[in-house]
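Residue numbers in the sequence shown follow the numbering used here, run continuously in steps of one, and reach 281 at the last position.
Positions of the beta carbon are idealized from the N, C-alpha and C atoms, including for glycine.
None of the values given here were measured: they were computed from a predicted structure.
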Amino acid sequence: LALVQVADRVERAGAVAEQGFGEVAARLRDVRSKATPGMDAIVSVSIAYAQFGLENPRLYQAIHTAELWHSAVADTGASKRDWVKAARDARDRAFVEFRRAVSEAQNAGALNRTPTDVAAQAMTALVDGYLFQALEENVDADHTLEKRLEYVARLVAVILNGLAGPNALIPE
């Protein structure tokens, strides 16, 4: 019975994560497609991700729940959906928008040869870290959404300045 309850919770969490990351992916794709390729696109995608989390804190927290991502339970029956895989696939579709923005910036010569996945993960880690502080630790709770997003843009600029510099190469 306990295993069934865990599987049910993982199934629900996976469904929520698939839906939530689907919303994130659509928002990021839209923002990236409208932004000027290069640094502007990376900043815009990062801000859009932060805005999603700040405007939808419970959904953001739900799509990142450890119960799903640390779960050893996966539905393998032909009639059941593997919700962990479905959630992972949806998360990857959102992350690809960061990779595309970074790749376009690299192709434009705005970033160094840092591996695309590493640079993209640096952006998502930065935003996720800020959202953890804002949502879990109540950092900047008295700031407006606009002020919080301006701060995220400043944080992203710090990382981008490092990635744009000639001494910022990371071995593959």
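**Request:** Under 6 angstroms Cβ to Cβ from Val-265, same chain only, skipping five residues before and after it: list those, please.
**Result:** Reading the sequence shown from its first residue, position 156 is the one you call residue 265. Cβ neighbours of Val-265 beyond the five flanking positions: Val-152 and Ser-155.
**Item:** the region 195-212 / the region 132-139 touching (three or more Cβ pairs under 8 angstroms)
**Value:** yes
**Message:** Taking 7 angstroms as the limit between beta carbons, can you name the residues of its chain near Asp-117, skipping five residues before and five after?
**Reply:** One-based indexing of the sequence shown puts residue 117 at position 8. Once the five neighbours on either side are set aside, Asp-117 has no close Cβ partner at all.
**Asked** Between the C-alpha atoms of Ser-212 and Ala-150, what's the straight-line distance to the nearest angstrom?
**Response** Position 103 of the sequence shown, counted from the start, is the residue given in the question as residue 212. Position 41 of the sequence shown, counted from the start, is the residue given in the question as residue 150. For Ser-212 and Ala-150, the distance between alpha carbons rounds to 10 angstroms.
**Message:** For Ala-262, which residues in the same chain have their Cβ closer than 8 angstroms to its Cβ, ignoring the five residues on either side in sequence?
**Reply:** Along the sequence shown, one-based indexing puts residue 262 at 153. Same-chain partners within the cutoff: Val-152, Ser-155 and Ile-156.
**Message:** Buried or exposed for Ala-159, going by 16 or more other Cβ atoms inside 10 Å?
**Reply:** The residue labelled residue 159 in the question sits at position 50 within the sequence shown. So Ala-159 ends up on the buried side.
**Asked** With a Cβ-Cβ cutoff of 8 angstroms, do Ala-250 and Trp-192 count as a contact?
**Response** Residue numbering aside, residue 250 sits at position 141 when the sequence shown is read from its first letter. Residue numbering aside, residue 192 sits at position 83 when the sequence shown is read from its first letter. No.
**Message:** Assuming Glu-350 is part of the alpha helix (DSSP H), what are its boundary residues?
**Reply:** The requested residue 350 does not occur in the structure, where the chain is confined to residues 110 to 281.
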